[in-house]
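This report refers to the structure that appears directly beneath it.
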Amino acid sequence: MLNPAVTGFVSGHVRYAPSQLQMQGRPAAFEADVAAVRQLLNEWLRATPDARLRMAPSVIDRLKVFRERAGDATFKHNANKLIHKVDVYVQSHANESPRHDAGHRPTFHRPALRNPQRFEHRAPPQRASQHDFYTAKSHPGRRPGVGNQPGNIWSGFSQGRDGNCVTVSAIKAAMMRFGQKPADIFREVSLEGDGYKVVMRDGRWFHLSKAELAHAARRSDFKGTDPAMLADAHFLYAASAKRAQLENNDGYAWSSFDDALTSLNDGEGAAEGLERLGLRYHIQLTSVHHLARGQLGVVTHGVSINGKVEGHSLAVINGREEVWGRQGWYPPTNVYATALALV
């Protein structure tokens, strides 16, 4: 039985202290949220191991709802810690398949990429010797250049007309942090069935078909001067869309892969692009000043587009913003902006 009076992660078990959620002098609605979170976690902790695995996606989703609804920074911080602990429990028990009664299919609270093997049929592996551009091991960790030479990060690939700036800026930052190829950014990319098995750095994995990859390349509207970088960007974009589909991004992405691609083009949160690349454990909140001094990351602020100021996400590399395929200026420090570092 798990002990809910102790914090930390011990022997694969999630533990929390109710005192983490006890805050005095708050509005009644806030206190009600705290009580609801406490009850939710107690129910989860009292469940059997099989039930905990089945309940985990719903618990995490509920915690995220509470987190976004709360205005208290301390509550948000503690909610993030609890989400992480529940997720760690799921990842540490990923190979333990819950037992279900014979003849009954398992049900899930909603599509969520917590333990994808439960709902994603695994395709038979292809021969490892078969050559493939995306699984090739040549030049691991090689980053794009930052000057004007061919293959530079500025013009190698860039955003087109679609509103997928959050995903584009995340891909560019990831290429500069880990390397240009998907195999550098993800934990594993291997041939599988009619496409690829993709394992991200946060442990989530899924199957991406070659048909989905081709469809994503058409829908991306990316442009660029470097064919190899453009191909890598298409793969990363397709993987982002696949994860968006399995996580039901914006409440409709589960319907189809095409809908998932659409969900990437209609405005996203500042961190979502990096999170959908599996890099959530590499994200840190930072300041525009730090990015301007050379810290790698992304910044979101208002820019003028066709005479109208709209929110826009840009990769910041070597202190300079990437602006639609060219090296821009330092990120502005005199406007409201969200700055995230990729570490």
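Sequential numbering from -4 applies to the sequence shown in my numbering. Backbone N, C-alpha and C define an ideal beta-carbon position, used for all residues, glycine too.
Pick helix, strand or coil for residue i, following the three-state DSSP scheme.
{"i": "G3", "result": "Residue placement at G3 is flagged as unreliable, the pLDDT there being 34, under the threshold of 50; the coordinate-derived value follows with that caveat. Reduced to three states, the DSSP call for G3 is strand."}
{"i": "R138", "result": "coil"}
{"i": "W200", "result": "strand"}
{"i": "L35", "result": "helix"}
{"i": "T162", "result": "helix"}
{"i": "R182", "result": "coil"}
{"i": "N147", "result": "strand"}
{"i": "A309", "result": "According to the sequence shown, residue 309 is Leu rather than Ala. In this structure, L309 counts as strand in the three-state DSSP scheme."}
{"i": "K76", "result": "helix"}
{"i": "V304", "result": "strand"}
{"i": "A332", "result": "strand"}
{"i": "S299", "result": "strand"}
{"i": "S87", "result": "helix"}
{"i": "V338", "result": "coil"}
{"i": "A346", "result": "Because the chain in this structure spans residues -4 to 338, residue 346 falls outside the shown range and cannot be described."}
{"i": "K132", "result": "coil"}
{"i": "P327", "result": "coil"}
{"i": "K167", "result": "helix"}
{"i": "K59", "result": "helix"}
{"i": "D127", "result": "coil"}
{"i": "K71", "result": "helix"}
Answer with buried or exposed for residue i, where buried requires no fewer than 16 other C-beta atoms within 10 angstroms of its C-beta.
{"i": "Q279", "result": "exposed"}
{"i": "D82", "result": "buried"}
{"i": "P222", "result": "exposed"}
{"i": "E316", "result": "buried"}
{"i": "Q240", "result": "buried"}
{"i": "K303", "result": "exposed"}
{"i": "I55", "result": "buried"}
{"i": "A165", "result": "buried"}
{"i": "L237", "result": "Here residue 237 is Lys; the residue named in the question, Leu, does not match the sequence. Result: buried."}
{"i": "H116", "result": "Any reading at H116 needs caution, since the residue's pLDDT is 34, under 50, leaving its predicted position unreliable; the model's value is listed next. Exposed: under 16 other Cβ atoms inside 10 Å."}
{"i": "H296", "result": "buried"}
{"i": "I312", "result": "buried"}
{"i": "A97", "result": "The predicted position of A97 is uncertain, since its pLDDT is 35 and thus under 50; a value taken from the coordinates is nonetheless stated next. Label assigned to A97: exposed."}
{"i": "L108", "result": "Here the model assigns L108 a pLDDT of 33, short of 50, so the residue's position is not dependable, and the following value carries that caveat. Result: buried."}
{"i": "G219", "result": "buried"}
{"i": "V60", "result": "exposed"}
{"i": "N73", "result": "buried"}
{"i": "H134", "result": "exposed"}
{"i": "L150", "result": "For the sequence presented, residue 150 should be read as Ser rather than Leu. Under this definition S150 is a buried residue."}
{"i": "A46", "result": "exposed"}
{"i": "A30", "result": "exposed"}
{"i": "Y276", "result": "exposed"}
{"i": "R199", "result": "buried"}
{"i": "Q144", "result": "exposed"}
{"i": "N159", "result": "buried"}
{"i": "A211", "result": "buried"}
{"i": "N329", "result": "exposed"}
{"i": "E270", "result": "buried"}
Taking CB distances under 8 Å as the criterion, tell me whether residue i reaches chain C.
{"i": "T281", "result": "Going by chain labels, chain C is absent from the structure shown, which holds only one protein chain."}
Is the beta carbon of residue j closer than 8 Å to that of residue i?
{"i": "G188", "j": "L203", "result": "no"}
{"i": "L225", "j": "F152", "result": "yes"}
{"i": "I148", "j": "K167", "result": "yes"}
{"i": "V283", "j": "V293", "result": "no"}
{"i": "L259", "j": "S235", "result": "yes"}
{"i": "L35", "j": "D127", "result": "no"}
{"i": "L335", "j": "A266", "result": "yes"}
{"i": "L291", "j": "L337", "result": "yes"}
{"i": "G314", "j": "A332", "result": "no"}
{"i": "H229", "j": "S215", "result": "yes"}
{"i": "Q154", "j": "W319", "result": "yes"}
{"i": "G246", "j": "S308", "result": "no"}
{"i": "V85", "j": "L48", "result": "yes"}
{"i": "V161", "j": "E38", "result": "no"}
Mind checking who residue i pairs with in its DSSP beta bridge?
{"i": "A248", "result": "According to DSSP, A248 bridges with nothing at all."}
{"i": "R315", "result": "I312"}
{"i": "Q322", "result": "E317"}
{"i": "G292", "result": "V311 and A336"}
{"i": "S153", "result": "K218"}
Cβ-heavy atom distance between residue i and the ligand FAD below 7 Å?
{"i": "N313", "result": "Here there are no bound small molecules, and the ligand FAD is not part of this structure."}
Fill in: beta strand (DSSP E) runs contained entirely in the stretch 253 to 284, provided each spans 3 or more residues
The stretch 253 to 284 contains these whole beta strand (DSSP E) runs: 278 to 280.
Item to complete: Would you mind listing the alpha helix (DSSP H) stretches within the stretch 187 to 241 that are 4+ residues and don't spill past its ends, in chain order?
Response: Runs of the alpha helix (DSSP H) inside the stretch 187 to 241: 205 to 215 and 222 to 241.
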